[in-house]
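So the sequence lines, in the order shown, correspond to chains A and B.
For the first sequence, my numbering begins at 149 and goes up steadily by one.
For the second sequence, my numbering begins at 92 and goes up steadily by one.
Here's the structure, in structure tokens; my notes come after.
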Amino acid sequence: MPESIDHINYIRKIAEHTSTIIPSELIPFILIDLPDSSRRPDRTIGNFIPDLYYKDLKYLIIGEAKTMNDIDRKHSIEQYKSYIIEASLFHGEKHILICTSLYSFARIKNLIKKLKNELNSTAVFHLLNDAGNISII
Amino acid sequence: MSSIISMCGGNSPEINKLISAYRDMQVFYSKVVAETGDDFDIREFSKFIELQRSTITFALTSKGFSKEDFAKWVVNDNIDTAQNVRQLPAVLKDQEALKVFLKKNISEAVKKIAVTENSHNELNNIPYDILGAKFLESLNSLEYKEVKKLSSDPDYDKKKTMLLNIFDVLQDIIKDIQPED
Chain A
149 MPESIDHINY IRKIAEHTST IIPSELIPFI LIDLPDSSRR PDRTIGNFIP
199 DLYYKDLKYL IIGEAKTMND IDRKHSIEQY KSYIIEASLF HGEKHILICT
249 SLYSFARIKN LIKKLKNELN STAVFHLLND AGNISII
Chain B
92 MSSIISMCGG NSPEINKLIS AYRDMQVFYS KVVAETGDDF DIREFSKFIE
142 LQRSTITFAL TSKGFSKEDF AKWVVNDNID TAQNVRQLPA VLKDQEALKV
192 FLKKNISEAV KKIAVTENSH NELNNIPYDI LGAKFLESLN SLEYKEVKKL
242 SSDPDYDKKK TMLLNIFDVL QDIIKDIQPE D
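Next up, the structure:
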């Protein structure tokens, strides 16, 4: 499926941020949906394939890039819920990374806070935006 | 005002409406988000623009609600879409719809009103694609003079709101069937 430049840039930001979570020697094992990537995610979570995925015995990392028109559509909310449920089944460190625009940053923060409470999630959310802001929830 | 219009375009009533929406957001919405710990979401601005309609503010005050209540509804997602804000007077008037609105959101409440209005209507059982085809045929057969006459129709507001709502919903559906990121 063709992706927008914004979407690709958001995935790159998620990939960059992933290197602050796991040791550098594990970086080559990250599955990532970028045009220049040779290792793309193929695992379906719910009905969705994330833009970035990494899992070993210690870490589960799920990354999703969202453009501003897509951030709170029904489809996207189902996607966040599926990732939260997937994380709840993992016993190690679970991190969910979402990158969007600065314009949509407050919207995603409010939405994720509500979903986290609603689903009683212990996953760590790393919310990023295209202006370089990071919010950990 | 004239310098704003010369730089940004638009007209005075429209710009005043935007200024009032901004003021309401600063006064009421920012207070509520400060209390709840939510982030100030500039994307909610469109809901506050809709709030500036006199029919909306009148419906709020006549039912004992305030703009602060409106801001709380925005933060709590009771007002989940801007397009349905214009249905607020009808929702506040209907006890059943009001309950659904306060418990869930205005999109669900509006469905409640639609069901109530059409509960004895045989159109309920006709699939949307057949209704849509018929509606399209009916619109295509409208003559220009009939369209022009709409503005003097006693039900002008109701009909206009209905057409705008159809337009909004179609836009959403089209958005949802586009390829996704």
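Built from N, CA and C at the ideal position, the CB exists for glycine as well.
Using the Cβ count rule (16 or more neighbours within 10 Å means buried), how would you classify residue i?
{"i": "Arg188/A", "result": "exposed"}
{"i": "Gly211/A", "result": "buried"}
{"i": "Gln227/A", "result": "buried"}
{"i": "Pro198/A", "result": "buried"}
{"i": "Val261/B", "result": "Residue identity check: residue 261/B is Leu in the sequence provided, not Val. Per the 10 Å Cβ criterion, exposed."}
{"i": "Glu237/B", "result": "exposed"}
{"i": "Met149/A", "result": "Reliability fails at Met149/A, whose pLDDT of 49 lies under 50, so the model's placement of it is uncertain and no value is given."}
{"i": "Ile282/A", "result": "exposed"}
{"i": "Leu222/B", "result": "exposed"}
{"i": "Asp218/A", "result": "buried"}
{"i": "Lys161/A", "result": "buried"}
{"i": "Val123/B", "result": "buried"}
Quick check on residue i - is its C-beta less than 8 angstroms from some C-beta in chain B?
{"i": "Lys257/A", "result": "yes"}
{"i": "Arg160/A", "result": "no"}
{"i": "Arg191/A", "result": "no"}
{"i": "Arg188/A", "result": "no"}
{"i": "Asn217/A", "result": "yes"}
Below 8 angstroms on the Cβ atoms is my guess for residue i versus residue j; work out the distance and round it to an integer in Å.
{"i": "Lys264/A", "j": "Gly240/A", "result": "Actually they do not touch by this definition, with Cβ atoms about 18 angstroms apart."}
{"i": "Ala235/A", "j": "Tyr158/A", "result": "Between Tyr158/A and Ala235/A the Cβ distance is about 20 angstroms, and since that is not below 8 angstroms, they are no contact."}
{"i": "Ile246/A", "j": "Leu200/A", "result": "Wrong, their Cβ atoms sit about 10 angstroms apart, outside the cutoff."}
{"i": "Ile156/A", "j": "Pro183/A", "result": "7 angstroms"}
{"i": "Asp168/B", "j": "Ala254/A", "result": "Actually they do not touch by this definition, with Cβ atoms about 14 angstroms apart."}
{"i": "Ser198/B", "j": "Asn175/B", "result": "6 angstroms"}
{"i": "Asp129/B", "j": "Asn258/A", "result": "5 angstroms"}
{"i": "Ile204/B", "j": "Ala188/B", "result": "5 angstroms"}
Closest by CA to residue i, which one among the options?
{"i": "Leu255/B", "options": "Tyr235/B, Asp220/B, Arg177/B", "result": "Arg177/B"}
{"i": "Glu126/B", "options": "Gln143/B, Ala162/B, Arg134/B, Phe156/B", "result": "Ala162/B"}
{"i": "Ser145/B", "options": "Leu179/B, Val166/B, Gln174/B", "result": "Leu179/B"}
{"i": "Phe273/A", "options": "Ile175/A, Ile260/A, Ser186/A", "result": "Ile260/A"}
{"i": "Phe136/B", "options": "Ile197/B, Val165/B, Ser153/B", "result": "Val165/B"}
{"i": "Glu266/A", "options": "Tyr251/A, Ile233/A, Asp204/A, Ser252/A", "result": "Ile233/A"}
{"i": "Phe139/B", "options": "Ser243/B, Ser111/B, Gly155/B", "result": "Ser111/B"}
{"i": "Lys249/B", "options": "Leu230/B, Gly128/B, Ala181/B", "result": "Ala181/B"}
{"i": "Ile106/B", "options": "Gln117/B, Ser93/B, Val118/B, Thr152/B", "result": "Ser93/B"}
{"i": "Asp160/B", "options": "Glu187/B, Ala188/B, Phe192/B", "result": "Phe192/B"}
{"i": "Thr195/A", "options": "Ser269/A, Tyr251/A, Ile225/A, Lys262/A", "result": "Checking the displayed sequence, the identity of residue 195/A turns out to be Asn instead of Thr. Minimum Cα distance to Asn195/A is reached at Ile225/A."}
Residues of chain D with a CB under 8 angstroms from the CB of residue i: which are they?
{"i": "Ile133/B", "result": "Included in the structure are the protein chains A and B, with no chain D among them."}
Shorter than 8 angstroms from the beta carbon of residue i to some beta carbon of chain A?
{"i": "Lys138/B", "result": "no"}
{"i": "Asp129/B", "result": "yes"}
{"i": "Lys266/B", "result": "yes"}
For residue i versus residue j, is the C-beta distance shorter than 8 angstroms?
{"i": "His243/A", "j": "Ile169/A", "result": "yes"}
{"i": "Ser230/A", "j": "Ile285/A", "result": "no"}
{"i": "Thr248/A", "j": "Met216/A", "result": "yes"}
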